[in-house]
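Student: 1449 is the number that this note's numbering gives to position 21 of the sequence shown; each next residue is one higher, with no gaps. Just so it is clear, CB atoms sit at the ideal spot from N, CA and C, and this is done for glycine as well. On a predicted model such as this, the values are computed, not experimentally measured, just so you know. Dropping the structure in here first, questions after.
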Amino acid sequence: MSHNCLLALYVILLSSYQSFFLSFFLSFFLSFSLSLSLSLSLFHSSLLPSLPPSFLPSLLPSTAHPKTRAFITHAGSHGIYEGICNAVPMVLMPLFGDQMDNAKQMESRGVGVVLNVLEMTPKDISEALRAVIYNKRYKENIQHLSDLHLDRPIPPLDLAVHWVEFAMRHKGAPHLRPAAHDLNWIQYHSIDVVAFLLGVGLLVFFISLKCCFCCCRKCFCRSGRMSKKSKSKSQ
């Protein structure tokens, strides 16, 4: 990678990555003899003493920086929206849960490259970063997706401010309080309704079973009487 490219690259290592993966990333980026800003979660502060001064131990809003060219993420929902809102192509390394689906969704839209964390090598990371940085298609696709996401009548921040001020003006807006907050645990989970329906179902099943037993008993009794009558006539 070129010097100008990596100067504009910020990487976020989230706390969900284990120390093995963090060491893997650090060994990869430290192999470049240039200045690189890295935002490292404080959950892994034990790795900080071995870092050079150019590494920053605090979490930065790096994807919002105008010079950010790529975003390495584990494909969590918050990270996905962060990349979309700031129109930054992504290198996705899903670990578990919905991250697999999120990563495939982004890859299918042409806004990122997915890597397997169990099989990737430093060469794979390098090639993925080169792809999302130098291939203009990724930037164009993420910019289009960002424009679609942000094209709304009211900006999200203004909308949040409006509703906060609305609640303050109307003393908490009690008329908007959901009725579910006043229900007890049994009512909230509809356990009383489930118990009633279960009781009705068991009652219907019991009555049907009794009716079947009565019908079978009458049928067997009739067949027994008919057999006795036929025997008596034959004698």
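For P1583, count neighbouring Cβ atoms within 10 angstroms of its own Cβ and tell me buried if that reaches 16, exposed if not.
Tutor: Flag for P1583 reads exposed.
Student: Mapping DSSP to helix, strand and coil, what is F1499?
Tutor: Three-state DSSP puts F1499 in a strand.
Student: Can you find a heavy atom of the ligand NAD that lies under 7 Å from the Cβ of V1632?
Tutor: As far as ligands go, the structure on display features none, and thus does not contain the ligand NAD.
Student: Shortest alpha-carbon distance to L1601 belongs to which of L1520, K1564, W1591, D1610?
Tutor: Looking at the sequence shown, residue 1601 is not Leu but Ala. Taking only the C-alpha atoms, the option nearest A1601 is W1591.
Student: Output needed for G1538: all residues of its chain with C-beta closer than 7 Å, excluding positions within five of it in sequence on either side, in chain order.
Tutor: Only R1565, Y1566, N1569 meet the Cβ criterion.
Student: DSSP on V1516, reduced to helix/strand/coil?
Tutor: The answer is coil: DSSP assigns V1516 none of H, G, I, E or B.
Student: Hey, quick one: how far does the alpha helix (DSSP H) through V1592 stretch, first residue to last?
Tutor: Per DSSP, V1592 belongs to the alpha helix (DSSP H) from 1584 to 1597.
Student: May I ask you to list the residues that DSSP assigns as paired with G1540?
Tutor: DSSP, once it has assigned bridges, lists M1518 as partnering G1540.
Student: Looking only at C-alpha atoms, which of Y1509, S1505, N1514 sits nearest to M1528?
Tutor: Considering only alpha carbons, the answer is S1505.
Student: Given a threshold of 16 other Cβ atoms within 10 Å of its Cβ, counted over all protein chains shown, does C1643 qualify as buried or as exposed?
Tutor: By the 10 Å Cβ count, C1643 comes out exposed.
Student: Confirm, please, whether the CB-CB distance from T1491 to V1516 is below 8 Å.
Tutor: Taking 8 Å as the Cβ cut-off, V1516 and T1491 qualify as a contacting pair.
Student: Kindly indicate which three-state DSSP category V1621 falls into: helix, strand or coil?
Tutor: It is helical.
Student: Going by other Cβ atoms of all chains shown within 10 Å of its Cβ, with 16 needed for buried, is H1598 buried or exposed?
Tutor: The residue is exposed, with fewer than 16 neighbouring Cβ atoms inside 10 Å.
Student: Which of helix, strand or coil does DSSP assign to D1552?
Tutor: Three-state DSSP puts D1552 in a helix.
Student: From which residue to which residue does the alpha helix (DSSP H) around N1675 run?
Tutor: The question about residue 1675 has no answer here: the residues shown for the chain are numbered 1429 through 1663.
Student: Buried or exposed for G1627, going by 16 or more other Cβ atoms inside 10 Å?
Tutor: Looking at its Cβ environment, which holds fewer than 16 other Cβ atoms inside 10 Å, G1627 is exposed.
Student: Out of S1554, L1573, I1561, E1555, which has the shortest C-alpha to C-alpha gap to S1536?
Tutor: Among S1554, L1573, I1561, E1555, the Cα nearest to that of S1536 is on L1573.
Student: Leaving aside the five residues before and after V1542 along the sequence, list all residues of the same chain whose C-beta is less than 6 Å from its C-beta, in chain order.
Tutor: Closer than 6 Å at Cβ, skipping near neighbours: L1520, A1531, E1535.
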